Amino acid sequence: MTRARLLLLLVMGTLVGAFFALDLDGYLSLAQLQARQAQVSAWVQAHFAAAALAFMLIYVITTALSLPGASLLTLAGSAVFGIPWGLLLVSFASTLGATLAFLSARFLLRDWVAGRFGDKLASVQAGMAKDGAFYLLSLRLIPLFPFFLVNLVMGLTPIRVSTYYWVSQLGMLPGTFVYVLAGSELATLTSTGNILSPGLVAALTLLGLMPWLMPWLMRWLQRRLALRRLHAPYRKPARFDYNLLVIGAGAGGLVTSYLAAAMKARVALIEQHRMGGDCLNTGCVPSKALIRSARFAAEQRRAGELGFSQGTSRADFAAVMERVAAVIREVAPHDSIERYQALGVECIQGRARLVSPWEVEVNGRRLSSRHLVIATGARPLVPELPGLGDVPHLTSDTLWQLREPPRHLLVLGGGPIGCELAQSLALLGIPVTLVELADQLLPREERDVAEALAAQLARDGVQVLTGWRTERVDARPAEEDLPIRLHLRRGDETRAIEGDQLLLALGRVANVSGFGLEELGVELAPRGTLKVDGFLATNYPSILAVGDVAGPYQLTHFAAHQGWYAAVNALFGPFKRFRADYRVIPAAIYTSPEIARVGLNQREAGARGIPFEVTRFEMAELDRAIADGETGGFIEVLTAPGKDQILGATLVGAHAGERIAEFVLAMRHRLGLGKILATVHPYPTLTEGNKYVAGAWRRARQPGRLLALLARYHGWRRGA
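Note that the working numbering numbers the sequence shown so that position 581 is 636, with each residue one more than the last.
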């Protein structure tokens, strides 16, 4: 194959060299063609068949080798053969020459391009395999694209040769016809540049864009008709009470309404329960307050390691839970009605119900707004488990009402919520058993991450059961010390575990019911969230959604991130909309060890077929971690092969949620590991680990030959 390529290159190079060496391009000029027109026409009349064959052969060779002069040959075709024959000969000759150039480019270059840039061109190649004919037709119709360049580029794509031939024949016909007509008036031409006037170029360009414009126009018309049918039952108000009306005062709703008010829009925020949503009242804030108390209990257990006499104080569970409530009260003013009213947001307490794409009923009032934003959040998933209806159970919403410590807590679910709460309560001295259906905790994380957490949970007193399915739950007699029994199965093995409290931590489901969304026909995504497009709009353009109710991530900071897009797209959508950017979204799990991640891990990269290299740094090698006695954990970074481009980072260990920020910043602004390595980090800090993993990446790619030369140079300098 290599020999054949070299031979083809040699032949092509010889022909091109001969063309210029013999000054053949001098014959393909407008002046020469005009001077010899009569002579050539006479020869053609005398030997028509031979002349036609010779003309086609010259034309095919010229176009196949991408030699200059194709335009002049097209003019000559009609000047000496007449318009009908000239159009026929040029049309077939140009297509044959283009196809030969196409095949040459494919034979010589496609394998090399695929090997070097295959991963980057995969999406382009897939698009060409599907719609290559449309793209080629557009390029052929638009005279702005050089003829030879189209042949070269198309040779690198998977388009079929037969498709390439007939589309080229069809696509070049309008331009060929224009040149053939011009050739009939050869004597009056002063330059080939006179042939295509600006108006003609514009017309041909518009014609070339039609394969792209027509499908887009058809989709646009279909959307308009569908939207017209969707809006038909409702009357759009002539005037609106608000520019933006937000339902739900969690993180997504608060940020959306605040930003809209900051942009001087009239905004109303409707909340039926408590301002701050789940994060403030039942999620992030209370769980982190509980974790702080649990961490203190863990520190006491390690008193001997830190130079103190062994001894621990007993946790007062009621006092711990009261402190959690106090933390919520202290943070609450940040999300309060008073604060948001002062920021320009009209806050309405009540249950909202959509009655049209622009109207909401609340407290007996009908309010209208140009756009509505649904930010109703999510609630804990309660499974359809046999016997569950007869057993009192807790969720992450109701756990905070406890003031008496459970005698034995049973936790269903080994995701972030289940692990955080199980570990915290175990550190407070409560016996805890955690059951997870998957074969590891945190099913989305790498196995070594899950195993590190499982080992720590076991040390903290949590009995971890992975790979077990809960088949039913029984309520035992009330006088029993542990009145709840779970029946578990793993393959052919069964077992029963008992406790006095059952905590469900099986994930969360979007709140999409009870707001009038069903009656309007607002579409849902397969996961049960509202179906939104890249601009966060539902199938009704006037209704947008953010946060847990929209997905795809159930994270407070992600909901806030979406809030900016929702506010801007709702207020300025007629002029400019912004597609929500989800490329760099970090997440943290606040167990001990903490786990933080941004971008891909090995499992996800492998599943997507994305090539990567792995660099790992163990926290046991970091001075500050040793001084703090926090040597467990590691930093793992995925990079593109041969580059320092960060594809993802996973941090396990103390304060991982804080330390991940540097990788988030680097990925967001496309900074590689080299930039992190070149950044001065204070010593001794845990963030130095970020620099050291970058250093490990660099050491693994040391230039061996250069270093050997340097060693010889230094030896020479020593006189050795």
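Using N, Cα and C, we set each Cβ at its ideal position, and we do this for glycine too. Here the structure is a predicted model, which is why all the values come from computation and not from measurement.
Quiz item: When the distance is taken between beta carbons, is residue 700 closer than 9 Å to residue 727?
Solution: Yes; because the gap between Cβ atoms is below 9 Å, this pair is in contact.
Quiz item: Excluding the five sequence neighbours on either side, which residues of its own chain have a C-beta within less than 6 Å of the C-beta of residue 147, listed in chain order?
Solution: Contacts found: none.
Quiz item: According to DSSP, is residue 300 helix, strand or coil?
Solution: DSSP, reduced to helix, strand and coil, places residue 300 within a strand of the structure shown.
Practice problem: Look at the alpha carbon of residue 259 and the alpha carbon of residue 229, and state the distance between them as a whole number of angstroms. | Solution: Note that residue 259 has pLDDT 48, beneath the 50 cutoff, so the model's placement of it is unreliable and no number is given.
Practice problem: Kindly list the residues whose CB is nearer than 8 Å to the CB of residue 583, restricted to its own chain and excluding five residues on each side of it in sequence; keep chain order. | Solution: Only 564, 565 and 567 meet the Cβ criterion.
Quiz prompt | Touching by the beta-carbon criterion (3+ pairs, under 8 Å), the region 317-329 and the region 367-379 | solution = The region 317-329, when compared against the region 367-379, does not touch it at the 8 Å Cβ threshold.
Exercise. Tell me whether the beta-carbon of residue 281 lies closer than 9 Å to the beta-carbon of residue 205.
Key: Judged by their CB atoms, residue 281 and residue 205 are not nearer to each other than the 9 Å cut-off.
Quiz prompt | Three-way DSSP call (helix, strand, coil) for residue 66 in this model | solution = Three-state result, residue 66: helix.
Practice problem: Put residue 822 into one of helix, strand or coil per three-state DSSP. | Solution: For residue 822 there is no data in the structure shown, the boundaries of the chain being 56 and 775.
Quiz prompt | Any beta strand (DSSP E) of 3 or more consecutive residues that is wholly inside the region 379-417 | solution = For the region 379-417, whole beta strand (DSSP E) runs of length 3 or above, ordered along the chain, are 400-404, 408-411 and 414-417.
Quiz item: For residue 325, which residues does DSSP report across the bridge?
Solution: Per the DSSP secondary-structure output, residue 325 pairs in a beta bridge with 302 and 403.
Quiz item: Would residue 599 pass as a contact of residue 591 if the rule is Cβ separation under 9 Å?
Solution: Cβ distance < 9 Å, so residue 599 and residue 591 count as in contact.
Quiz prompt | Contact belief for residue 665 with residue 702 at Cβ below 8 Å, rounded distance in angstroms | solution = Indeed, because the Cβ distance is near 7 Å, the residues count as touching under 8 Å.
Quiz item: Are the Cβ atoms of residue 477 and residue 648 separated by less than 9 Å?
Solution: Against a cut-off of 9 Å, the Cβ pair of residue 648 and residue 477 comes out as no contact.
Self-check item: DSSP three-state assignment for residue 453, whether helix, strand or coil
Solution: In this structure, residue 453 counts as coil in the three-state DSSP scheme.
Quiz prompt | Nearest to residue 207 (by Cα), restricted to the options 716, 684 and 118 | solution = Residue 118 is the option with its Cα nearest to residue 207.
Quiz item: Is there contact here, the region 349-365 with the region 437-451, by at least three beta-carbon pairs under 8 Å?
Solution: Output reads no: the region 437-451 does not touch the region 349-365.
Practice problem: On the DSSP bridge assignment, give the partners of residue 542 in chain order. | Solution: Bridge pairing for residue 542: 527 and 551 [DSSP].
Practice problem: With DSSP as the reference, please indicate the residues paired to residue 426 in a beta bridge. | Solution: Residue pairing by DSSP places residue 426 opposite 299 in a beta bridge.
Quiz item: Which two residues bound the contiguous alpha helix (DSSP H) that contains residue 754?
Solution: From DSSP, the alpha helix (DSSP H) with residue 754 extends over 743-754.
Self-check item: Same chain, Cβ closer than 6 Å to residue 421, five either side skipped, listed in chain order
Solution: Same-chain partners within the cutoff: 414.
Quiz item: So residue 115 is in the alpha helix (DSSP H); what residue range does that whole segment cover?
Solution: That run of the alpha helix (DSSP H) goes 103-119.
Quiz prompt | Element boundaries [beta strand (DSSP E), containing residue 702] | solution = 701-707 is the span of the beta strand (DSSP E), which, as asked, contains residue 702.
Quiz item: Cα-Cα, which of 628, 645, 677 and 693 is closest to residue 653?
Solution: The shortest Cα separation from residue 653 among 628, 645, 677 and 693 belongs to 693.
Quiz prompt | Close-in-space but distant-in-sequence residues of the same chain around residue 570 (CB under 8 Å, 5 per side omitted) | solution = Correct list, in chain order: 302, 407, 408, 409, 429 and 431.
Exercise. Within the same chain, show all residues whose beta-carbon is closer than 8 Å to that of residue 763, passing over the 5 residues directly before and after it, in chain order.
Key: Excluding positions up to five away in sequence, the list is empty.
Quiz item: Taking DSSP as the reference, what is the three-state secondary structure of residue 361?
Solution: Residue 361: helix per DSSP, three-state reduction.
Quiz item: How long is the line joining the alpha carbons of residue 215 and residue 191, rounded to whole angstroms?
Solution: The C-alpha of residue 215 lies about 12 Å from the C-alpha of residue 191.
Quiz item: Which two residues bound the contiguous beta strand (DSSP E) that contains residue 654?
Solution: DSSP places residue 654 in the uninterrupted beta strand (DSSP E) bounded by 650-654.
Quiz item: How should residue 370 be labelled, buried or exposed, when 16 other C-beta atoms within 10 angstroms of its C-beta is the threshold for buried?
Solution: Under a 10 Å Cβ-count criterion, residue 370 is classified as buried, with 16 or more other Cβ atoms of the shown protein chains found around its own Cβ.
Quiz item: Given residue 157, which residues of its chain have a CB within under 7 Å of its CB, disregarding the five upstream and five downstream residues?
Solution: Closer than 7 Å at the Cβ level, and outside the excluded window around residue 157, lie 206, 209, 210 and 219.
Self-check item: Sufficient close CB pairs (3 or more, under 8 Å) joining the region 516-529 to the region 384-397
Solution: The region 516-529, when compared against the region 384-397, does not touch it at the 8 Å Cβ threshold.
Practice problem: Consult DSSP for residue 573 and reduce its assignment to one of helix, strand or coil. | Solution: In the structure shown, residue 573 sits in a helix (DSSP, three-state: H, G or I).
Quiz prompt | Backbone secondary structure at residue 689 - three-state DSSP | solution = Note: residue 689 maps to strand in three-state DSSP.
Self-check item: Residue nearest to residue 499 in terms of C-alpha spacing, selected from 631, 412, 705 and 574
Solution: Scanning 631, 412, 705 and 574 for the CA closest to the CA of residue 499 turns up 705.
Quiz item: Can you tell me whether residue 254 is buried or exposed, with buried defined as 16 or more other CB within 10 angstroms of its CB?
Solution: The predicted model places residue 254 with a pLDDT of 48, which falls under 50 and marks its position as unreliable, so this point remains unresolved.
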